[in-house]
Amino acid sequence: MGNACLGYLASREHSARELMQKLVHKGYPAARIHEVLADFQQRGLQSDRRFAEAFVRARLARGYGRLRIEQELRQRGIDARAFVEPAAWAEAGEGLLERVHGRRYGDGVPQSPQERAARERYLLRRGFSRDDIGRLFRRLREGGTDD
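Residue numbers (this note's numbering): 64 to 210.
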């Protein structure tokens, strides 16, 4: 089982929950899996912190917002508040919403309530908050100045 676990970790970082699910699916007993995972964590071969940091970097690079990333981390058994520094969110998120919006829609202001709603739904699915989206639309209307 240790070799299977190492094989998974060789391809990419995994959370402890992900490894547990994969090994249970392969038919290994849960008690033994816990022992192996504890050993791997003690030896530094598996780290939920390292997984969270790599995951956040990758998802931010793909244009996903904080809310979506936190949800995806929870699904993988990770509490983002425990592993991701608040300053990292602020630093990484600077301009991310504007870049994601601009890549899809350009710098133009929505021309109708329907268009604004469609843009908002898209950005919400990407994991941005309603407040941040509202501020973005105000800045677009005001010609790029802050609130």
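Quick reminder that beta carbons are idealized off the backbone N, C-alpha and C, glycines included.
- prompt: If we ignore side chains and look at the alpha-carbon of each, how far apart do Asp-210 and Gly-197 end up?
  reply: Residue 210 sits at position 147 when you count from the first residue of the sequence shown. Residue 197 sits at position 134 when you count from the first residue of the sequence shown. Reliability of the predicted coordinates at Asp-210 is poor, the pLDDT of 44 falling under 50, and the value obtained from them is presented with this limitation in mind. So the two alpha carbons sit approximately 10 Å from each other.
message: Quick check on the DSSP output: the alpha helix (DSSP H) that includes His-77 runs from which residue to which?
response: Sequence index remark: in the sequence shown, residue 77 carries index 14 (1-based). That residue, His-77, is in no alpha helix (DSSP H); it is neither H nor E in DSSP.
- request: For Arg-193, I'd like the list of residues in its chain whose CB is within less than 8 Å of its CB, leaving aside the five on either flank, ordered along the chain.
  value: Working through the sequence shown from its first residue, we reach residue 193 at position 130. The residues are Glu-183, Leu-187.
field: Residue closest to Gly-190, alpha-carbon to alpha-carbon, out of Met-64, Arg-179, Leu-203, Leu-159
entry: Here residue 190 refers to the residue found at position 127 when the sequence shown is read from its first residue. The residue with the shortest Cα to Cα distance from Gly-190 is Leu-159.
task: Evaluate the contact criterion for the region 112-124 versus the region 74-86: three or more CB pairs, one atom per stretch, below 8 Å.
output: Short answer: they touch.
field: Cα-Cα separation between Gly-128 and Gln-134, rounded to whole angstroms
entry: For this step, residue 128 is matched to residue 65 along the sequence shown. For this step, residue 134 is matched to residue 71 along the sequence shown. C-alpha separation (whole angstroms): 10 Å.
- prompt: So, using beta-carbon positions, are Val-87 and Gly-65 closer together than 8 Å?
  reply: Translated into the one-based positions of the sequence shown, residue 87 becomes position 24. Translated into the one-based positions of the sequence shown, residue 65 becomes position 2. In this structure, Gly-65 does not lie closer than 8 Å to Val-87 by Cβ.
field: Residues near Asp-142 in its chain [Cβ-Cβ closer than 8 Å; skip 5 each side]
entry: Numbered from 1 along the sequence shown, position 79 holds the residue referred to as residue 142. Counting only Cβ-Cβ distances below 8 Å, and skipping sequence neighbours, we find Leu-136.
query: Span of the alpha helix (DSSP H) holding Arg-193?
result: Stepping through the sequence shown from its first residue, residue 193 is reached at position 130. Arg-193 -> alpha helix (DSSP H) spans 193-204.
- request: Specify the secondary structure class of Asp-210 as computed by DSSP and reduced to three states.
  value: Within the sequence shown, numbered from 1, the residue matching residue 210 stands at position 147. Any reading at Asp-210 needs caution, since the residue's pLDDT is 44, under 50, leaving its predicted position unreliable; the model's value is listed next. DSSP places Asp-210 in coil when its eight states are reduced to three.
field: Endpoints, the alpha helix (DSSP H) within which Gln-174 is located
entry: For the purposes of this step, residue 174 is identified with residue 111 of the sequence shown, where counting begins at 1. That residue, Gln-174, is in no alpha helix (DSSP H); it is neither H nor E in DSSP.
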